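Note sheet for the following structure.
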Amino acid sequence: MLTRTKTIIASLALWSAIPGLLQVAPPAAAADARSGDQVYQQVCAACHATGVADAPKYGDGAAWETRIAEGQEILTAHGWVGMRGMPPRGGRPDLPLQEFAAAVAYMARSAGADWQPPNPGMLARVREEIEARKTEVARKQ
Ligand code: HEC
């Protein structure tokens, strides 16, 4: 019985180490998704830390205020599709929507919003807004 308990403890320790090891691999499933903080550091900060091409800066309440007022679904969708100096998906075609949306929420929180990383319901609404935005952009072209 004691040996069995030890085996269980040992395997729990092994499994708890695995998420850390997986972070270097490209995220595929939602469970492995990078946090908004991580995605911001790795992708978005290149422009949003210093305001390249007039990107709204991290922590700049004035730059984000009217954008935050649009709402989480709409702002996330607009960033995802891209506009002017903001490349689609922050310039990373392989970036999953969940991670992009978490990074948007992270930047919005830095500017005073209470946005959280997206749950499935939020992601579904963001996808609807993305389709609406694509239609709007196509009509203007
Ligand atoms: C190559 C530079 C660049 C990178 C990288 C970048 N952005 Fe941006 N982003 C911009 C610029 C420039 C704007 C301002 C666009 C405008 O309003 O003209 C912007 C605007 C935005 C907006 C506001 C869109 C709106 O409707 O006003 C969001 C949201 C956003 N970015 C999210 C992100 C996220 C999340 C990432 C990382 C995954 C990211 N950006 C990476 C340049 C960048």
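So the mapping is simple: my numbering equals the position in the sequence shown, first residue as 1, plus 85. Even glycine gets a Cβ: it sits at the ideal position worked out from N, Cα and C. This structure is a prediction, so every number in the text was calculated from the model and none was measured.
Item: Local Cβ density within 10 Å of Lys219, reported as buried at 16 or more and exposed below that; Value: exposed
Item: Beta-bridge partners of Met168, as assigned by DSSP; Value: Met171
Item: Assumed close pair Gly121, Ala188 - CB separation to whole angstroms, cut-off 8 Å; Value: 5 Å
Item: Assigned secondary structure, Leu180 (DSSP; H/G/I helix, E/B strand, else coil); Value: coil
Item: For Tyr125, the three-state DSSP class (helix, strand or coil); Value: helix
Item: Where the alpha helix (DSSP H) containing Pro205 begins and where it ends; Value: 205-225
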